[in-house]
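First to last, the protein sequences are chains C and F.
Read in order, the letters of the first sequence correspond to residues 1 to 305 in the numbering used here.
Read in order, the letters of the second sequence correspond to residues 306 to 612 in the numbering used here.
Heads up, the beta-carbon is just placed ideally off N, CA and C, and yes, glycines get one too.
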Amino acid sequence: MAIAVDPRPRTPLGGTEDAASLRRRARRRRILHPMQLLRFLVKAFFSLLIVFLALFPLAWMIISGFKIRTEVVSTPFQFFPEVWQWQNYVQILADTAFLRTLLITGGGAVVFTAGSIAVNSMAAYAFARLEFAGKRFVWPLVLMTMFIPGMTILLTSFIVVTNLRMLDTLAVLIIPGMAAAGHIFFVRQFYLNIPSSLEEAAVMDGCGRWGVYLRIFLPLSKAPFVVVGITSFMAYWNNFVWPVMTITSPELYQVQQYLAAFRGERSSELGLLMAGSACAALPIIIIFLIFQRQIIANIKMAGLK
Amino acid sequence: MSINAPTAGGRRRTVHPSRRRDTSMAYIMLAPVLVLLSIFVIWPAIQAVFLSFYDWSFYTESEFVGWKNFRNVLVDPSFWEAVVRGLQFVLMTVPFSLVLSFLVATLATSVSRRVSSVLKVSIYIPSVISGVIASITFVIIYDYSGGLLNALINLFGAPNQAWLGDPRWALGAIAVPAVWLGMGITTLIMIAAMLDIPESLYEAAELEGANWWQRTRFITIPQMKNVLLFLLVTGFVGSIQQYELPLVMTGGGPNSATELPNLFIFNHFRGDAYVGYSIAAALLLFVVLGSISSVIFRIVNSEKLVD
């Protein structure tokens, strides 16, 4: 392909060719070269394939939700339902136990997310901006908690919440995971990059530490808060093992726990289970789509670190 | 944060009281996090180390037993089988996921911006799905008599397989949703790293007539060395700790074929009256994991240094 190298760099500067004619030439070249057409088709094919493979299991779950009980896994195999019917979706959304589960999980997730943003951003501010006695000891200690594997402390955390009489309350789902070193680290990185001149001006105007935090840092924190918020919400909504260990009353069941229990107890109603799974996945997908730009940009930042 | 500090002496005098004020302020702001982390992370970690030397249960007095729990774990062949299974699972997921992510990232950086963002969003969507929902969906796909996968292989004349019921297939059948769930973040990090590589390197290579493979081999991969190493180690640590998928899909069966290390420990938690064994196993796994990741880190790093 050495021959197809773009000739444009070799056009003399200030030559007679304007942008439009360059573009026309480029377009003509694209049509003329079969290699380029081939490359375009290969890229288009693989792009479609990737999108298809990434989304197919979800599509399959949603399609299965439209099938009657015997069609979801049937012999002979049936790709699409005989008749597309909303019955499963209507039935699961009319089920008060399922709705209550969605509401309780969603409510808990909102409280968890708000609390997580509040406590972690305050700590991040203190670590980023305040000089205090013991910082050299406290900061590594906080960072260290990031590297303790969940399984190592799963049982002893369970003992702790048992002793605190938190079992089978919403508090056991909301409080223990609220402080997270990863979030503190992430917000702190962001705060370290805020120029201190802003702060100095506020201090001159007579702002105290709280004033600086509340009036300068919080309004600037939208981007990191979106990331911390989405991550926390997702972690809460998708949590499964901890609720199974700590929640026993069906009226406090969390959504993943509900689905797993449903699968165990009513294993014949597969269409309904698939509809329920789709309804449980949808809120989190919608939230992701709303904030996808910020989340993807954040991953870019994480990659640069 | 003193503003008027013209001399060193003046600075010392002005910083000192403000620093003291900062200290109390800092601890007020840190209090919630420090209390929560102490109660729910640090104390449980200390207690885990402590309990690993005791015979402890919810119902009886505890008794100091020294290294007995650790010895029990280390001589238990089923613990080592679980560790080996975990390593097999890593081999099934991490290389596959890294290569696939690399190819997707290559594609996503070579197409128009609009196509690229569609690719990024679609590849990331599975990452927001819970392990439970992924498990439920894949169990339906793997169903023996009416599942999609068997219908698909029937088209090619192959007989039905019990994907989750046959020890030969079960671990691989769990690796697929694991890769599906985990690929999004790996791909996005790779895309970001690829966009960071200076364009001039590629222009120079193209002028010299380097093809795609040469550009990838001699520019992209060396330039992404650190990111790839990071992804390899985090992929390894994440993959070997997977237990939600097998917990929901198979519970560890058939015949322990999908009992990954963490699921092995979790099943002991639920099954044993005394917790010393499971805690000792969890601590040992932590140590084993830490050393394996540091070994990977060293090997890959030194190889690159020789290059």
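| On the three-state DSSP scale, how would you describe F:Asp-381? | In the structure shown, the three-state DSSP call for F:Asp-381 is coil.
| With respect to the alpha helix (DSSP H) encompassing F:Ala-497, which residues constitute its N-terminal and C-terminal limits? | For F:Ala-497, the uninterrupted alpha helix (DSSP H) segment begins and ends at 472-501.
| task | Examine chain F for any beta-carbon lying closer than 8 Å to the beta-carbon of C:Glu-17, and answer yes or no. | result | Residue placement at C:Glu-17 cannot be trusted, given a pLDDT of 49 that sits under 50; the coordinates are not used to answer.
| field | Interface partners of F:Gly-451 on chain C, CB under 7 Å | value | Going along chain C in sequence order, the residues near F:Gly-451 (Cβ under 7 Å) are Val-73, Ser-74, Thr-75 and Phe-77.
| said: Give me, in chain order, the residues of the same chain whose beta-carbon lies closer than 8 Å to that of C:Pro-243; leave out the 5 immediate sequence neighbours on both sides. | reply: Same-chain partners within the cutoff: Leu-173, Tyr-253, Gln-254, Gln-256 and Gln-257.
| Minimum length 3: unbroken beta strand (DSSP E) runs contained in the stretch 388-471 of chain F | The qualifying runs do not exist here; there are none.
| Can you give the Cα-Cα distance for C:Ile-285 and F:Val-444, rounded to whole angstroms? | Cα to Cα, C:Ile-285 sits roughly 21 Å from F:Val-444.
| query | Between the stretch 456-465 of chain F and the stretch 371-380 of chain F, do three or more beta carbon pairs fall short of 8 Å? | reply | Not touching, per the Cβ criterion.
| message | Would the stretch 550-561 of chain F count as touching the stretch 410-423 of chain F if we require 3 or more Cβ pairs under 8 Å? | response | Two segments are said to touch when three or more pairs of C-beta atoms, one from each, lie closer than 8 Å; by this definition the stretch 550-561 of chain F does not touch the stretch 410-423 of chain F.
| Where in the stretch 28-91 of chain C do unbroken runs of the alpha helix (DSSP H), each at least 4 residues long, occur, reported from the N-terminal end onward? | Runs found: 34-65.
| message | For a cutoff of 8 Å on Cβ pairs, would you count C:Leu-155 as touching chain F? | response | At least one chain F Cβ lies under 8 Å of C:Leu-155.
| field | Neighbour list for C:Pro-149 in chain F, Cβ cutoff strictly below 9 Å | value | Near C:Pro-149 (Cβ distances below 9 Å), the residues of chain F are Val-542, Gln-546, Asn-567, Ala-587, Leu-590, Phe-591 and Leu-594.
| request: Answer yes or no: do F:Val-269 and C:Ile-148 have a C-beta to C-beta separation smaller than 8 Å? | output: Nothing in the structure corresponds to residue 269 of chain F, since chain F is present only between 306 and 612.
| message | Contact criterion: CB-CB distance below 8 Å. Does C:Lys-300 meet it with respect to chain F? | response | C:Lys-300 counts as touching chain F.
| query | Taking the C-alpha atoms as reference points, what is the distance between C:Thr-70 and C:Phe-98? | reply | Across the structure, C:Thr-70 and C:Phe-98 are spaced so that their CA atoms are roughly 22 Å apart.
| query | Relative to the ligand PLP, is the shortest distance from any of its heavy atoms to the C-beta of F:Phe-591 smaller than 7 Å? | reply | Among the ligands in the structure shown, none appear at all, so the ligand PLP cannot be discussed.
| said: Would C:Gln-36 pass as an interface residue toward chain F - the criterion being a Cβ-Cβ separation below 8 Å? | reply: Interface flag for C:Gln-36 against chain F is unset, since no Cβ pair is found closer than 8 Å.
| Is it buried or exposed for C:Leu-103, if we count other Cβ within 10 angstroms and need 16 for buried? | Around the beta carbon of C:Leu-103, fewer than 16 other beta carbons sit within 10 angstroms, so the residue counts as exposed.
| Local Cβ density within 10 Å of F:Lys-425, reported as buried at 16 or more and exposed below that | Looking at its Cβ environment, which holds 16 or more other Cβ atoms inside 10 Å, F:Lys-425 is buried.
| Length of the line joining the Cα atoms of F:Glu-511 and F:Ala-497 | If I take the Cα positions, the gap works out to 22 Å.
| Does C:Thr-11 get closer than 8 Å to chain F when you measure Cβ to Cβ? | Only weak support exists for where C:Thr-11 lies, its pLDDT of 40 falling under 50; the coordinates are left without a value.
| request: Between the Cα of C:Ile-247 and those of C:Glu-265, C:Ala-297, C:Ala-281 and C:Val-161, spot the shortest distance and give me the residue it belongs to. | output: Distances from the alpha-carbon of C:Ile-247 to those of C:Glu-265, C:Ala-297, C:Ala-281 and C:Val-161 put C:Val-161 closest.
| query | Listing by chain order, which chain C residues have their CB less than 8 Å from the CB of F:Asp-327? | reply | Here the neighbours are Leu-130, Glu-131, Phe-132 and Arg-209.
| Where C:Glu-269 and C:Ala-109 are concerned, what is the direct C-alpha to C-alpha distance, given to the nearest angstrom? | Whole-angstrom Cα-Cα distance: 28 Å.
| query | Would F:Leu-453 pass as a contact of C:Trp-60 if the rule is Cβ separation under 8 Å? | reply | When the beta-carbon positions are compared, F:Leu-453 and C:Trp-60 come within less than 8 Å of each other.
| C-alpha distance - F:Ala-480 paired with F:Glu-549, whole-angstrom precision | Their backbone Cα atoms lie some 12 Å apart in a straight line.
| task | To the nearest angstrom, report how far apart C:Ala-275 and F:Asn-465 are at their CA atoms. | result | Looking at the backbone, the Cα of C:Ala-275 and that of F:Asn-465 are separated by about 26 Å.
| query | From the DSSP output, which residues share a beta bridge with F:Tyr-359? | reply | According to DSSP, F:Tyr-359 bridges with F:Phe-369.
| task | Output yes or no for whether 8 Å exceeds the beta carbon distance between C:Val-226 and C:Gln-294. | result | C:Gln-294 sits close to C:Val-226, with the two beta carbons spaced by under 8 Å.
| query | Do you know how far the Cα of F:Ser-505 is from the Cα of C:Ser-232? | reply | So the two alpha carbons sit approximately 40 Å from each other.
| request: Would you mind telling me which residues of chain F sit closer than 7 Å to C:Asn-88, beta carbon to beta carbon, in chain order? | output: Neighbours of C:Asn-88 on chain F: none; closest Cβ ~13 Å, over 7 Å.
| said: Assuming contact is defined by CB atoms lying nearer than 8 Å, are F:Phe-541 and F:Ser-598 in contact in what I supplied? | reply: The beta carbons of F:Phe-541 and F:Ser-598 sit closer together than 8 Å.
| field | Residues of its chain near F:Leu-356, where Cβ-Cβ distance is below 7 Å and the 5 sequence neighbours each way are ignored | value | Same-chain partners within the cutoff: Val-580, Gly-581 and Ile-584.
| field | Closest residue to F:Leu-590 among F:Ile-601, F:Met-334, F:Ile-570 and F:Met-495 (Cα-Cα distance) | value | Selected option, being the one with the closest Cα: F:Ile-570.
| Is it true that the stretch 65-81 of chain C meets the stretch 192-207 of chain C, where meeting means three or more beta-carbon pairs spaced less than 8 Å apart? | Contact fails: fewer than three Cβ-Cβ distances are below 8 Å.
| task | Establish whether the CB of C:Gln-256 and some CB of chain F are separated by less than 8 Å. | result | For C:Gln-256, at least one C-beta of chain F is nearer than 8 Å to its own C-beta.
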